[in-house]
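Numbering (UniProt numbering), first residue to last: 1 to 353. For every residue, glycine included, the Cβ atom is placed at its ideal position computed from N, Cα and C. The structure under discussion appears below in the form of structure tokens.
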């Protein structure tokens, strides 16, 4: 990093410790522990993009390209006052960064501002989540035009992309842990296999790690919250770190794995067609599915929703739970159904009129 000009020797009054983290491939990852600096940093609450919205935009496209900005954060220079605060201590002295380092509290917000500014006005043809840029189009001619605009802006900004990580002009691409394109969205197979191979958790932290990965794909799992309830119960603050693994926990663990291993596919929404919202309630939770009719005259799932009921909500009558399922679904599905024609389906006769 010193030879690359990423860091330089420092005489700063600030000093954060270095942490060396082993990677699965045997390499060592150099990290700086900025938690004390972050504790006294004013937060930048710039909004991050919603993953689902980005995936749905790409899912509808016929041609997609993705670009990876080379060591994204390191392409953002620090001003002098920020440099001294980035200082870290090593066995050979104190150094500070010339560029934006990983680990700073506001680094993601700062970088997202940069890429949003870079792509301003191109929202219907280009999006980005941090250093992952995606360009999408309905025709090849449009795609070439969109690519040219994005590359021109990248060049003008003095940024670079990593060619080996780029995907250019494909019908389906890997983006944010998913396979997307030509009207469908799937979980990335490598991630699903990682879930399938996950060993039985022994501690609360291991349960949280499993739920973090499985929960990232919850939109593919009908009644996710109800299924995962025995596992989420293990993460309560008042419970010991060593978990009490029951048959109910094992059943939930297996069911989540099996559902994701069944190669679930969601359709990208088509706002030129009406939606169907189906809701349901059970003893422990509520759920819904947003659907649309496809060219094959069959209804296909766009997104699954679910929510575990609180202890107070568990005491509601079944009619109250079924009604809450509708309210919850329409609140969560507002971007899809607000201002658009849709049909609502419930199997609870008391709510029909």
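Legend entry - N-terminal and C-terminal residue of the alpha helix (DSSP H) that residue 143 is part of: As a working note, residue 143 is residue 143 in the chain shown. For residue 143, the enclosing alpha helix (DSSP H) covers residues 140–157.
Legend entry - Reduced DSSP secondary structure (H/G/I, E/B, other) of residue 70: Counting from 1 along the chain shown, the entry for residue 70 is found at position 70. Reduced to three states, the DSSP call for residue 70 is coil.
Legend entry - Boundaries of the beta strand (DSSP E) in which residue 29 is found, first to last residue: The residue you call residue 29 lines up with position 29 of the chain shown. Per DSSP, residue 29 belongs to the beta strand (DSSP E) from 28–32.
Legend entry - residue 410 vs residue 309 beta-carbon contact at 8 Å: For the chain, the structure presents residues 1 to 353; residue 410 sits outside this window and is missing.
Inset, instruction - Compare the C-alpha of residue 148 against each of 67, 165, 231 and 97 and name the closest. - result: If you number the chain shown from 1, residue 148 lands on position 148. Answer by Cα proximity: 67.
Inset, instruction - Go through its chain and collect everything with a Cβ distance to residue 177's Cβ below 6 Å, but skip five positions before and after it. - result: Walking along the chain shown from the start, residue 177 turns up at place 177. These residues qualify, in order along the chain: 188 and 191.
Inset, instruction - Compare the beta carbon distance of residue 29 and residue 103 with 8 Å and say whether it is the shorter of the two. - result: Here residue 29 corresponds to residue number 29 of the chain shown, with the count starting at 1. Here residue 103 corresponds to residue number 103 of the chain shown, with the count starting at 1. No, these two residues do not count as a Cβ contact at 8 Å.
Legend entry - Nearest to residue 255 (by Cα), restricted to the options 207, 196, 98 and 74: Stepping through the chain shown from its first residue, residue 255 is reached at position 255. The shortest Cα separation from residue 255 among 207, 196, 98 and 74 belongs to 196.
Inset, instruction - Go through its chain and collect everything with a Cβ distance to residue 83's Cβ below 6 Å, but skip five positions before and after it. - result: Your numbering for residue 83 matches position 83 in the chain shown. 96.
Inset, instruction - In angstroms with no decimal places, state the Cα-to-Cα distance between residue 70 and residue 58. - result: Residue 70 sits at position 70 when you count from the first residue of the chain shown. Residue 58 sits at position 58 when you count from the first residue of the chain shown. Those two C-alpha atoms are separated by around 22 Å.
Legend entry - Other residues of its chain near residue 186: CB distance less than 6 Å, five sequence neighbours each side excluded: Within the chain shown, the letter at position 186 stands for residue 186. Closer than 6 Å at the Cβ level, and outside the excluded window around residue 186, lie 179 and 265.
Legend entry - N- and C-terminal bounds of the alpha helix (DSSP H) containing residue 210: Residue numbering aside, residue 210 sits at position 210 when the chain shown is read from its first letter. Note, residue 210: alpha helix (DSSP H), 204–216.
Inset, instruction - State buried or exposed for residue 258, treating a residue as buried only when at least 16 other CB atoms are found within 10 Å of its CB. - result: Looking up residue 258 in the chain shown gives position 258. Counting the other Cβ atoms within 10 Å of the Cβ of residue 258 gives fewer than 16, which makes it exposed.
Inset, instruction - Run the proximity test for residue 99: is its beta-carbon closer than 7 Å to any non-hydrogen atom belonging to the ligand MN? - result: Ligands displayed in this structure: none; no statement on the ligand MN is therefore possible.
Inset, instruction - Quick one: residues in its chain with C-beta nearer than 8 Å to the C-beta of residue 292, no 5 flanking neighbours on either side, listed in chain order? - result: As a working mapping, residue 292 is identified with position 292 in the chain shown. Within the same chain, and ignoring the five residues on either side of residue 292 in sequence, the residues whose Cβ sits closer than 8 Å to its Cβ are 267, 269, 270, 273, 274, 275, 276, 299, 300 and 302.
Inset, instruction - Starting from the C-beta of residue 329, find all residues in its chain whose C-beta is less than 7 Å away, skip the five residues before and the five after it, and write them out in chain order. - result: Translated into the one-based positions of the chain shown, residue 329 becomes position 329. Only 277, 279, 288 and 305 meet the Cβ criterion.
Inset, instruction - Starting from the C-beta of residue 55, find all residues in its chain whose C-beta is less than 6 Å away, skip the five residues before and the five after it, and write them out in chain order. - result: In the chain shown, residue 55 corresponds to position 55, counting from 1. The residues are 178, 180 and 185.
Legend entry - Check whether residue 37 and residue 76 have beta carbons under 8 Å apart: Locating residue 37 in the chain shown gives position 37, counting from the first residue. Locating residue 76 in the chain shown gives position 76, counting from the first residue. For residue 37 and residue 76, no; Cβs fall outside 8 Å.
Inset, instruction - Mark residue 242 as exposed unless 16 or more other C-beta atoms lie within 10 angstroms of its C-beta, in which case mark it buried. - result: Taking the first residue of the chain shown as 1, we reach residue 242 at position 242. It is exposed - the Cβ of residue 242 has fewer than 16 other Cβ atoms within 10 Å.
Inset, instruction - Quickly, what does DSSP pair residue 186 with across the bridge? List them, please. - result: In the chain shown, the residue the question calls residue 186 occupies position 186. DSSP, once it has assigned bridges, lists 179 as partnering residue 186.
Legend entry - Contacts around residue 223, its chain only, beta-carbon distance under 6 Å, and the 5 residues preceding and following it disregarded: Within the chain shown, numbered from 1, the residue matching residue 223 stands at position 223. For residue 223, where only same-chain residues beyond five positions count, the Cβ hits under 6 Å are 287 and 306.
Inset, instruction - Thinking residue 260 and residue 220 are a contact (beta carbons under 8 Å), I'd like their distance in whole angstroms, please. - result: Position 260 of the chain shown holds residue 260. Position 220 of the chain shown holds residue 220. So it is a contact: roughly 7 Å between Cβ atoms.
Legend entry - Per-residue burial, residue 131 [other beta carbons within 10 Å of its own, 16 or more giving buried]: Here residue 131 refers to the residue found at position 131 when the chain shown is read from its first residue. Residue burial is scored here from C-beta neighbours: residue 131 has at least 16 other C-beta atoms within 10 angstroms and is therefore classed as buried.
Legend entry - Minimum C-alpha distance to residue 72 - residue among 296, 110, 41 and 339: As a working note, residue 72 is residue 72 in the chain shown. Residue 110 is the option with its Cα nearest to residue 72.
Inset, instruction - Check the C-beta distance from residue 118 over to residue 153 and give it rounded, since I have them as a contact under 8 Å. - result: Residue mapping note: residue 118 aligns to position 118 of the chain shown, counting from 1. Residue mapping note: residue 153 aligns to position 153 of the chain shown, counting from 1. At roughly 5 Å, the Cβ-Cβ gap stays under 8 Å, so residue 118 and residue 153 are in contact.
Inset, instruction - Specify the secondary structure class of residue 248 as computed by DSSP and reduced to three states. - result: As a first step, residue 248 must be located in the chain shown, where it is residue number 248. Helix, per DSSP.
Inset, instruction - May I ask you to report which of helix, strand or coil DSSP gives residue 334? - result: Locating residue 334 in the chain shown gives position 334, counting from the first residue. Helix, per DSSP.
Inset, instruction - State yes or no: is the C-beta of residue 90 within less than 8 Å of the C-beta of residue 18? - result: Working through the chain shown from its first residue, we reach residue 90 at position 90. Working through the chain shown from its first residue, we reach residue 18 at position 18. In this structure, the beta-carbon distance from residue 90 to residue 18 falls below 8 Å.
Legend entry - Integer Cβ distance of residue 207 from residue 234, believed to fall under 8 Å: Residue 207 sits at position 207 when you count from the first residue of the chain shown. Residue 234 sits at position 234 when you count from the first residue of the chain shown. Contact holds; Cβ gap of about 5 Å.
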